[in-house]
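Student: This structure is in structure tokens; I'll ask about it shortly.
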Amino acid sequence: MNHPGSQKTQAEWVAHLKEHFLLPDVDEETAKALFAYLTDLELWTPEGRDYWAMGSDDLGKELRSLSGSERGFALKYFLRDPSISAEIGEGEPSGERETKNVSTGNPELLERKTSNLSNLQIVKKYGRQMESFIDLEKQLTEKLTGKNTTRIDARKLFNFILTKMKAREKPRAWEQLSRRRHK
């Protein structure tokens, strides 16, 4: 059953979310992508051509409930309520990659001289370094994509989440990995 005032256009719902629930740094395009994601989570249902209805009177309660669920895992990065927001914790992708010891790596790579990298070697090295990031993006965008959330929307949400994860992560101390001189 729809309650009075629970029917609004997408623009009105986005404005309401931004005013009352979302962090101040969520821009308009990201908020629209989040609206699509929330629609996939069945927070709203379409009512006619341009209107969306919410089945509950308490949007904050619904958002808290969804943010605590597996399906609504991404909400904690967008909501300003401290009881909804969360630290990066168990099971969360941190974006960090475990480093491998070069001496136990591919013997073919050990034979090559590293001081004169060809373009192909540079691309391969960069690709290996970016592999975990690309995998993380693929996993999260697949989880965020739905009936109403396009891949473009999912990427906007992913980029915002990644920005929040970077901001919360403590800077790592510089560490020299090798003192080997190239001859």
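For what it's worth, my numbering labels the leading residue of the sequence shown as 24, then goes sequentially. Each residue gets a CB set at the ideal place from its N, CA and C atoms; glycine is no exception.
(1) For the alpha helix (DSSP H) containing K148, list its first residue and its last residue.
(2) Classify Q33 as helix, strand or coil using the three-state DSSP reduction.
(3) Between E165, E70 and E42, which has its C-alpha nearest G83's C-alpha?
(4) Taking only the alpha-carbon atoms, compute the straight-line gap between D81 and A196 and give it to the nearest angstrom.
(5) Have a look at Y60, A34, V49 and F44 and flag the residue whose alpha-carbon is nearest the alpha-carbon of R174.
(6) Using the beta-carbon count (16 or more within 10 Å), is I157 buried or exposed?
(7) Measure the C-alpha to C-alpha separation of F44 and E198 and round it to an integer number of angstroms.
(8) Per DSSP, what are the beta-bridge partners of L102 in this structure?
(9) Would L98 and L89 be called neighbours here (beta carbons separated by less than 7 angstroms)?
(10) Tell me the DSSP secondary structure of T186 in three-state form.
(11) For R56, does the three-state DSSP call read helix, strand or coil?
(12) Using the Cα positions of K187 and Y100, report the straight-line distance between them to the nearest angstrom.
Tutor: So, from the listed chains and residues:
(1) Boundaries of the alpha helix (DSSP H) around K148: N142 to L167.
(2) DSSP, reduced to helix, strand and coil, places Q33 within a helical segment of the structure shown.
(3) Considering only alpha carbons, the answer is E42.
(4) CA-to-CA, the gap between D81 and A196 works out to about 45 angstroms.
(5) When each option's Cα is compared against that of R174, the closest is Y60.
(6) Around the beta carbon of I157, fewer than 16 other beta carbons sit within 10 angstroms, so the residue counts as exposed.
(7) Those two C-alpha atoms are separated by around 40 angstroms.
(8) Answer is L45, bridged to L102.
(9) Yes, Cβ-Cβ distance for L98 and L89 is below 7 angstroms.
(10) Of the three classes helix, strand and coil, the one that applies to T186 here is helix, per DSSP.
(11) It is Ala, not Arg, that sits at residue 56 in the sequence shown. A56 falls in the helix class under three-state DSSP.
(12) Their backbone Cα atoms lie some 7 angstroms apart in a straight line.
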